[in-house]
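**Q**
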Ligand SMILES: NC(=O)c1ccc[n+]([C@@H]2O[C@H](COP(=O)([O-])OP(=O)(O)OC[C@H]3O[C@@H](n4cnc5c(N)ncnc54)[C@H](OP(=O)(O)O)[C@@H]3O)[C@@H](O)[C@H]2O)c1
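Residue numbers (my numbering): 24 to 329.
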């Protein structure tokens with residue numbers, strides 16, 4: 024298949040591209056950086072700028088599936104201007120792709136979009152699945168709602184729309200995990216708050232496999248892209264410290280301290296999401312990593328890394 028990917032140069036995109044190329048697919052990708060445009064066999068970059076409604080329309084020819092991963096990183100201070108960028112980098116980008124598909128002759132059959140777990144309410148005991156109609160009233164939850172609505176528009180054009188509500192992606196190459204690892208490695212690691220907040224995570228290997236699975240099985244609808252066993256912040260911090268053979272002796276960090284340091288973004292450290300991944304399992308998807316200890320050891324065992 025020929026697959027057009029946005030955000031292909033990011034943490035998830037880079038690994039997804041490698042996996043799809045290895046399976047024999049052809050990749051077109053859209054990037055906002057001219058310097059990231061490459062053209063190799065089966066791998067061709069095209070320029071776009073969603074804020075300025077600019078796109079190289081050649082990117083769509085022969086494409087069967089669009090994967091939309093692009094979006095401004097949420098792990099930066101949420102000023103009002105940056106909040107706007109977080110939303111628009113996702114929704115304006117979808118709109119530009121929508122107009123591209125609508126205007127040009129094409130054979131695109133499926134639109135697969137990354138999405139987030141922030142849409143679900145805070146939860147410790149109750150497990151939420153994709154049928155839940157309860158949503159949270161927070162900035163990120165509203166981002167997810169707008170992001171998914173912008174993806175759903177592709178149904179009007181007759182495309183199958185698949186949204187992967189992705190939990191915390193565990194990779195040693197970027198994202199949240201290396202940020203958690205840094206202080207622990209220096210001996211300053213500690214638990215956030217009471218450490219009971221649940222963190223629905225997914226190993227990068229499984230997430231990439233899930234995107235491939237969604238494409239190759241032409242899935243439509245919403246799927247939680249989280250491992251079947253969420254962990255809590257205390258266990259996650261402890262498992263990382265053990266994998267790195269580092270002690271944890273500092274007191275827990277109170278939520279108000281992180282709020283002072285990070286502002287509203289401290290939400291990312293203290294929110295608790297308890298989510299089911301049964302729907303994708305019922306489709307036949309098999310997770311490689313269902314246990315947090317094995318996932319962290321895979322990424323950070325002293326033999327393999329650092
Ligand atoms: N990593 C996680 O834990 C996680 C969890 C849940 C959901 N997600 C979502 O999954 C998607 C991919 O995540 P990721 O971790 O791979 O992200 P990432 O490493 O930050 O990469 C995102 C890519 O989006 C493009 N981008 C950045 N700012 C942009 C802007 N203002 N306008 C248009 N494009 C922009 C960039 O590509 P170019 O420079 O090539 O344009 C960048 O490489 C994101 O939408 C993210 O919110 C990630």
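Don't be surprised by glycine CBs; every beta carbon is placed ideally from N, CA and C.
Taking 8 Å as the cut-off, is the CB of residue 93 close to at least one heavy atom of ligand 1?
**A** At least one heavy atom of ligand 1 is nearer than 8 Å to the Cβ of residue 93, so yes.
**Q** How about residue 115 and residue 29: do their beta carbons lie closer than 9 Å?
**A** no
**Q** Per DSSP, which residues does residue 77 bridge with? Please list them.
**A** Partner(s): 72.
**Q** For residue 113, is the beta carbon positioned less than 8 Å from some heavy atom of ligand 2?
**A** Judged by which ligands are present, ligand 2 is missing from the structure shown, whose ligands are ligand 1.
**Q** Going along the chain, which residues of its own chain have a beta-carbon closer than 7 Å to the beta-carbon of residue 149, five neighbours each way excluded?
**A** 297
**Q** Near residue 49, what residues of its chain come up, given a Cβ to Cβ distance below 6 Å and the 5 sequence neighbours on each side ignored?
**A** 25 and 65
**Q** In the DSSP assignment, the beta strand (DSSP E) including residue 138 goes from what residue to what residue?
**A** 133-139
**Q** Look up residue 248 in the DSSP assignment and say whether it is helix, strand or coil.
**A** Strand, per DSSP.
**Q** Just to confirm, are residue 39 and residue 88 a CB contact at a threshold of 9 Å?
**A** no
**Q** Tell me which residues share the same chain as residue 158 and place their Cβ nearer than 8 Å to its Cβ, disregarding the 5 neighbours each side in the sequence.
**A** So the list reads 142, 143, 144, 164 and 168, once near-sequence residues are dropped.
**Q** Please find out if some non-hydrogen atom of ligand 1 comes closer than 8 Å to the beta-carbon of residue 96.
**A** yes
**Q** For residue 110 and residue 242, I'd like the C-alpha separation in whole angstroms.
**A** 25 Å
**Q** Is residue 123 near ligand 1 - that is, is its Cβ less than 8 Å away from at least one heavy atom of it?
**A** no
**Q** Measure the beta-carbon distance from residue 225 to residue 193 and round it to whole angstroms, keeping in mind my assumption that it falls under 8 Å.
**A** Yes, residue 225 and residue 193 are in contact; Cβ-Cβ is about 7 Å, under 8 Å.
**Q** Between residue 190 and residue 223, which are expected to be in contact by the criterion C-beta below 8 Å, what is the C-beta distance as a whole number of angstroms?
**A** 4 Å
**Q** Please report the straight-line C-alpha distance between residue 285 and residue 107, rounded to a whole angstrom.
**A** Looking at the two C-alpha atoms, the distance is approximately 18 Å.
**Q** State the Cα-Cα distance for the pair residue 258 and residue 179, rounded to the nearest angstrom.
**A** 44 Å
**Q** Can you give the Cα-Cα distance for residue 128 and residue 80, rounded to whole angstroms?
**A** 11 Å
**Q** Shorter than 8 Å, the distance from the beta carbon of residue 75 to the closest heavy atom of ligand 1, or not?
**A** Incorrect: residue 75 has no Cβ contact closer than 8 Å to ligand 1.
**Q** So, under 8 Å CB-CB, residue 304 and residue 213 are touching, yes? Tell me the CB distance rounded to an integer number of Å.
**A** With 8 Å as the limit, residue 304 and residue 213 do not qualify as a contact, their Cβ atoms being about 34 Å apart.
**Q** List the endpoints of the continuous alpha helix (DSSP H) containing residue 154.
**A** For residue 154, no alpha helix (DSSP H) encloses it, and the DSSP letter there is neither H nor E.
**Q** Between which two residues does the alpha helix (DSSP H) containing residue 370 stretch?
**A** Nothing in the structure corresponds to residue 370, since the chain is present only between 24 and 329.
**Q** Here's the rule: buried if 16 or more other CB atoms are within 10 angstroms of the residue's CB, otherwise exposed. What is residue 156?
**A** Exposed is the label assigned to residue 156, since fewer than 16 other Cβ atoms lie within 10 Å of its Cβ.
**Q** With DSSP as the reference, please indicate the residues paired to residue 189 in a beta bridge.
**A** 139 and 248
**Q** Quick check on this structure: which residue in 35, 131 and 238 has the alpha carbon closest to the alpha carbon of residue 308?
**A** Ranking 35, 131 and 238 by Cα distance to residue 308 puts 238 first.
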